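J.: Supplied in structure tokens, the structure appears directly below.
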Amino acid sequence: MADGAAQPGAELLAFERFREASAQPLAYGYGHGPRGLRELRAREFGRLAGTVYLDHAGATLFPESQLRSFTRDLLENVYGNPHSQSISSKLTQDTVEQVRYRFEDGTIPFLDVIALKHGFDALERLTGGMENVQQHTFTLARYTYAALCSLRYPNGAPVVRIYSDSEFRSPEVQGPVINFNVLDASGNVVGYSQVEKMASLFNIQVRTGCFCNTGACQRHLGISDEMVKRHLQAGHVCGDDVDLVAGRPTGSVRISFGYMSTLEDAQAFLKFIIATRLRPQRSQPVPQAASGEAGTAPAESEAQSTVPATVPTTVPTTVPATVPTTVPTATVPTTVHTTVPATGPTTVPVTLSTTVPTTVPATVPATRHRPSPSPREDTPTASRAGNDWPPAVGAVCLRPPLPEATRTLQAPPEREALAPGGGLGPHVITNLFLYPIKSCAAFEVTQWPVGHQGLLYDRSWMVVNHNGICLSQKQEPRLCLVQPRIDLQQRIMVVRAKGMEPIEVPLEENGEWVQICQSKVCADRVNTQDCGEKISSWLSRFLGRPCHLIKQSSDFQRNAKKSHGKGKSAGTPATLSLVNEAQYLLVNRSSVLELQQQLSVSDESGREELFPMTELISRFRANIITSGASAFEEEKWEEISVGPLHFQVLGPCHRCQMICIDQQTGQRNQDVFQKLSESRERKVNFGVYLMHMSVDFSSPCFLSVGSQVLPVLKENVECHNLPASKKHQNVVS
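First residue of the sequence shown: 84, per the numbering used here; consecutive thereafter.
Written as structure tokens, this is what we have:
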């Protein structure tokens with residue numbers, strides 16, 4: 084459909100026509116019409132600018148005047164505990180009696196009760212009373228209900244399924260609440276967790292789950308008592324993202340309106356449903372970085388052009404003994420320089436190493452069905468973006484450098500030629516990343532030591548707000564611009580950000596770190612130490628809000644919740660740093676390439692442009708990037724080996740909205756999340772979690788770029804591509 088035109092049924096219901104068609108008068112606003120409501124909203128709820136809040140049934144919002152009035156009351160009066168006979172106690176008692184009913188015994192939260200009085204006063208002053216609020220919010224709910232009911236896919240199927248005992252005919256029997264599930268064109272339920280994540284990308288706040296009302300969920304969703312038991316046994320609890328079990332919903336989506344809600348709120352929500360379900364998705368072209376930017380390859384000195392050609396590759400037969408001497412030729416779409424004829428066989432030199440049988444030179448990259456991006460788009464810039472750090476940094480002085488013969492040239496996905504039969508080359512690690520500070524920029528390395536909790540110093544620190552709550556890019560996207568770098572030789576972490584002087588943080592606790600504090604990671608309490616006022620002030624200035632840097636205490640052990648493999652005994656549970664769920668996250672380049680092709684767009688001249696591979700990989704914030712497997716094959720792995728290191732594959736990573744943040748700029752764009760949602764059948768999974776099965780820490784262990792990855796499939800427990808005799812190749816321990 085050209086130009087992203089709306090499909091039939093995607094039009095937004097006209098509000099005035101809706102009101103005129105109603106058999107009963109429908110009120111909107113509080114006496115001064117829409118203008119008065121807009122002024123009230125701007126004056127009392129300026130913090131809602133750019134946000135659509137639709138969970139008033141869960142917790143509505145207080146106006147600024149209520150807070151000012153309550154604060155003034157506390158400043159002007161002395162309120163004491165009411166269980167006494169003093170003047171201050173009597174004042175409290177008299178004030179509370181004006182607003183209390185909540186037969187109470189014991190000491191009540193008297194300041195909160197006094198605040199409630201100011202809340203009722205503000206409500207009366209701003210709206211004229213609860214009758215007006217009831218009429219206003221019901222009008223918005225009825226309009227939204229009617230609009231949702233009218234939305235249809237081109238095949239006539241409804242876009243939502245609404246759960247209600249009324250048809251929104253009267254505010255006497257129906258509150259300003261709409262409970263529903265989104266459906267796809269085939270009538271299948273789209274999980275509520277998926278809808279909530281997409282809504283948040285549009286700055287729309289909704290409520291999801293069972294709303295602490297399991298009985299209502301059972302009745303409306305057709306969930307039996309036995310099914311409830313099975314859900315609980317499977318680990319499903321209120322508030323989690325287990326939204327579908329065997330294709331059936333475990334909960335729903337709820338929106339609710341408050342007295343400050345506006346028509347614009349309702350229409351913004353409806354436009355979100357239309358945009359994500361009924362309009363063709365068109366990603367915007369992403370401009371490529373100008374040559375000479377940090378992290379890009381040097382400009383070519385000679386003029387080049389790309390000529391599509393069929394090039395059968397002839398490989399010399401002089402190869403190391405450990406590498407197969409027969410390399411099949413393949414006919415693939417190839418991007419070549421003008422020095423290569425467009426037709427006819429071409430002998431292409433191939434560089435061979437002990438890790439990868441063939442590495443095709445960058446001058447003749449073979450692509451899969453699409454033109455290749457520029458070479459500089461291949462390797463994520465990670466934390467070196469915007470500075471002069473080298474392309475990849477190894478672990479200094481922890482081991483001798485790899486001999487030249489064992490160093491491996493990386494083969495990016497655009498250069499992976501399909502072999503006869505559709506297979507890819509051997510599985511190898513192409514990139515290694517660690518994230519010293521949770522939710523901050525990546526630090527790319529070519530080799531790195533392995534510790535008890537994963538890559539050494541991976542997510543050992545995190546930024547918290549003034550209350551000690553962990554900050555992530557979901558609340559503070561600019562965290563991705565904070566670039567930490569570990570210097571193992573000097574035992575420091577250097578932190579950089581644009582416009583800020585670099586600052587150093589010691590890797591281990593020292594005398595300056597005296598404050599012990601507790602924080603939470605994925606509901607787990609963790610013991611941490613504050614890294615000091617200097618780095619705290621640095622981060623606060625850059626982020627524009629009070630915050631601290633804390634590090635997990637060295638004597639604190641956080642155990643993984645899940646069972647992690649045959650190699651783990653009951654007495655040696657896997658331990659975690661400040662990661663969410665597992666020690667490692669692995670992403671397969673072929674999976675990224677498939678997503679990249681789905682995100683491709685055509686410019687005005689019809690030329691296809693690809694989403695930059697560098698940026699796409701960086702959004703998934705993985706530790707290990709591999710090549711050689713087909714797209715999403717990693718989700719079929721049960722375990723993998725990298726030399727002497729063995730890992731259990733715990734399962735797929737369920738993605739959140741953070742993949743919508745450009746890790747180089749901090750800008751949000753929902754296309755990646757939405758396209759992944761569409762292609763992965765309503766579950767946004769990408770990458771797999773890994774956990775150590777067995778590691779011998781008696782001597783230092785390392786992961787290295789170029790190391791071979793030997794997976795074992797869940798189905799037949801067989802390794803891919805290479806014999807077991809090569810399991811220990813290319814990883815030095």
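All C-beta atoms, glycine included, are put in the ideal place defined by N, C-alpha and C. Values in this document were obtained by computation on a predicted structure and should not be read as measured data.
(1) Are the segment 735-745 and the segment 758-767 touching, with three or more C-beta to C-beta distances below 8 Å?
(2) Decide if Asp138 is buried, meaning its Cβ has at least 16 other Cβ atoms within 10 Å, or exposed.
(3) Which of the three DSSP states, helix, strand or coil, is assigned to Arg126?
(4) DSSP has His729 in a bridge; who is on the other side?
(5) Kindly indicate which residue of Thr611, Ala525, Tyr275, Ala351 has the alpha-carbon position closest to the one of Arg331.
(6) Taking only the alpha-carbon atoms, compute the straight-line gap between Ile306 and Leu327 and give it to the nearest angstrom.
(7) Apply the 10 Å Cβ neighbour rule to Thr529 and answer buried if 16 or more other Cβ atoms are within range, or exposed otherwise.
(8) Within the same chain, show all residues whose beta-carbon is closer than 7 Å to that of Glu559, passing over the 5 residues directly before and after it, in chain order.
(9) Which same chain residues end up closer than 6 Å to His535 when comparing Cβ atoms and leaving out the 5 residues on each side of it in sequence?
(10) Per DSSP, what kind of secondary structure is Arg252 in: helix, strand or coil?
(11) So, under 8 Å CB-CB, Met576 and Pro509 are touching, yes? Tell me the CB distance rounded to an integer number of Å.
(12) According to the neighbour-count rule (16 or more other Cβ atoms, all chains shown, within 10 Å of its Cβ), is Ile291 buried or exposed?
(13) From Glu208 to Glu103, what does the alpha carbon distance come to, in whole angstroms?
(14) Would Gly31 pass as a contact of His303 if the rule is Cβ separation under 9 Å?
(15) Kindly list the residues whose CB is nearer than 7 Å to the CB of Ser839, restricted to its own chain and excluding five residues on each side of it in sequence; keep chain order.
(16) Looking at Phe703 and the ligand FAD, is the gap between the Cβ and the nearest heavy atom below 8 Å?
(17) Tell me which residue opens and which closes the beta strand (DSSP E) that Val533 is part of.
(18) Touching or not, the segment 563-570 and the segment 737-749, by the rule of three or more beta carbon pairs under 8 Å?
(19) Which residue's Cα is closest to the Cα of Leu678: Ala351, Leu773, Val511, Met696?
(20) Please state whether DSSP places Asn262 in a helix, a strand or coil.
(21) Between the alpha carbons of Leu284 and Cys743, how many angstroms are there, rounded?
(22) Roughly how many angstroms lie between the CA atoms of Ile287 and Leu571, to the nearest whole one?
(23) I need the boundaries of the beta strand (DSSP E) containing Lys603, first residue and last residue.
(24) Based on DSSP bridge pairs, tell me the residues matched to Ser335.
(25) Counting pairs of Cβ atoms below 8 Å between the segment 208-227 and the segment 333-349, do you hit three or more?
(26) Is Arg360 near Tyr236, with beta carbons less than 9 Å apart?
(27) In terms of residue numbering, what span does the alpha helix (DSSP H) encompassing Asn215 cover?
(28) Mapping the DSSP letters down to three states, classify Arg738 as helix, strand or coil.
(29) Would the segment 107-125 and the segment 255-275 be scored as touching if the rule is three or more Cβ pairs under 8 Å?
(30) Report, in whole angstroms, the separation of the C-beta atoms of Phe756 and Lys354, which I expect to be a contact under 8 Å.
(31) Can you grab the Cα-Cα spacing for the pair Lys521 / Arg704, in whole Å?
(32) Would you report the Cα separation of Leu622 and Val511, rounded to the nearest angstrom?
(33) Give the C-beta separation of Tyr226 and Leu96 to the nearest angstrom, bearing in mind that I take them to be a contact with Cβ-Cβ under 8 Å.
(34) Which first and last residues belong to the alpha helix (DSSP H) in which Val788 is found?
(35) Can you tell me the Cβ-Cβ gap for Leu668 and Gly770, rounded? I've got them flagged as a contact below 8 Å.
(36) Taking the DSSP output, what are the residues bridged to Cys321?
T.: Taking the coordinates as given:
(1) yes
(2) For the purposes of this step, residue 138 is taken as the residue at position 55 of the sequence shown. Buried, by the Cβ-count rule.
(3) Taking the first residue of the sequence shown as 1, we reach residue 126 at position 43. The answer is helix: DSSP assigns Arg126 an H, G or I state.
(4) In the sequence shown, residue 729 corresponds to position 646, counting from 1. Ser724, Ser777, per the DSSP bridge assignment.
(5) If you number the sequence shown from 1, residue 331 lands on position 248. The candidate whose alpha carbon is nearest that of Arg331 is Tyr275.
(6) Taking the sequence shown and counting its residues from 1, the one referred to as residue 306 is at position 223. Taking the sequence shown and counting its residues from 1, the one referred to as residue 327 is at position 244. Distance between the alpha carbons of Ile306 and Leu327 is about 12 Å.
(7) As a first step, residue 529 is located in the sequence shown; it is residue number 446 there, counting from the start. So Thr529 counts as buried.
(8) The residue labelled residue 559 in the question sits at position 476 within the sequence shown. Correct list, in chain order: Leu626.
(9) As a position in the sequence shown, residue 535 is number 452, starting the count at 1. The residues are Thr658.
(10) Taking the sequence shown and counting its residues from 1, the one referred to as residue 252 is at position 169. Three-state DSSP puts Arg252 in coil, outside helix and strand.
(11) Counting from 1 along the sequence shown, the entry for residue 576 is found at position 493. Counting from 1 along the sequence shown, the entry for residue 509 is found at position 426. With 8 Å as the limit, Met576 and Pro509 do not qualify as a contact, their Cβ atoms being about 35 Å apart.
(12) Along the sequence shown, one-based indexing puts residue 291 at 208. A small fix is needed here, since residue 291 is Thr in this sequence, not Ile. That one is buried.
(13) Reading the sequence shown from its first residue, position 125 is the one you call residue 208. Reading the sequence shown from its first residue, position 20 is the one you call residue 103. One detail in the question is off: residue 208 reads as Arg in this sequence, not Glu. Their backbone Cα atoms lie some 29 Å apart in a straight line.
(14) In the structure as shown, the chain starts at 84 and stops at 816, and residue 31 therefore has no counterpart that could be examined.
(15) No answer is possible for residue 839: the residues shown for the chain start at 84 and end at 816.
(16) Ligands are entirely absent from the displayed structure, and the ligand FAD is therefore not among its contents.
(17) For the purposes of this step, residue 533 is identified with residue 450 of the sequence shown, where counting begins at 1. Element bounds for Val533: 530-534.
(18) yes
(19) In the sequence shown, counting from the first residue as 1, residue 678 sits at position 595. Leu678 has its Cα closest to that of Met696, out of Ala351, Leu773, Val511, Met696.
(20) For this step, residue 262 is matched to residue 179 along the sequence shown. Three-state DSSP puts Asn262 in a strand.
(21) As a first step, residue 284 must be located in the sequence shown, where it is residue number 201. As a first step, residue 743 must be located in the sequence shown, where it is residue number 660. Roughly 8 Å separates the two Cα atoms.
(22) The sequence position of residue 287 within the sequence shown is 204, counting from 1. The sequence position of residue 571 within the sequence shown is 488, counting from 1. Near 44 Å, if we compare the C-alpha coordinates of Leu571 and Ile287.
(23) Within the sequence shown, numbered from 1, the residue matching residue 603 stands at position 520. Unbroken beta strand (DSSP E) run through Lys603: 599-604.
(24) Here residue 335 corresponds to residue number 252 of the sequence shown, with the count starting at 1. In the DSSP output, where bridge partners are listed per residue, Ser335 has Gly292.
(25) yes
(26) As a first step, residue 360 is located in the sequence shown; it is residue number 277 there, counting from the start. As a first step, residue 236 is located in the sequence shown; it is residue number 153 there, counting from the start. Cβ distance < 9 Å, so Arg360 and Tyr236 count as in contact.
(27) The residue given as residue 215 occupies position 132 in the sequence shown. Where Asn215 is concerned, the enclosing alpha helix (DSSP H) stretches over 213-233.
(28) As a first step, residue 738 is located in the sequence shown; it is residue number 655 there, counting from the start. Here Arg738 sits in coil by DSSP.
(29) no
(30) Walking along the sequence shown from the start, residue 756 turns up at place 673. Walking along the sequence shown from the start, residue 354 turns up at place 271. About 18 Å; that fails the 8 Å criterion.
(31) The residue you call residue 521 lines up with position 438 of the sequence shown. The residue you call residue 704 lines up with position 621 of the sequence shown. Straight-line Cα distance between these residues: approximately 10 Å.
(32) Position 539 of the sequence shown, counted from the start, is the residue given in the question as residue 622. Position 428 of the sequence shown, counted from the start, is the residue given in the question as residue 511. Taking the straight line from one Cα to the other gives about 37 Å.
(33) As a working note, residue 226 is residue 143 in the sequence shown. As a working note, residue 96 is residue 13 in the sequence shown. Contact holds; Cβ gap of about 7 Å.
(34) Reading the sequence shown from its first residue, position 705 is the one you call residue 788. First-last for Val788: undefined, no H or E at that position.
(35) Working through the sequence shown from its first residue, we reach residue 668 at position 585. Working through the sequence shown from its first residue, we reach residue 770 at position 687. The pair is a contact, with the Cβ atoms about 5 Å apart (cut-off 8 Å).
(36) The residue given as residue 321 occupies position 238 in the sequence shown. Partner(s): none; Cys321 has no beta bridge.
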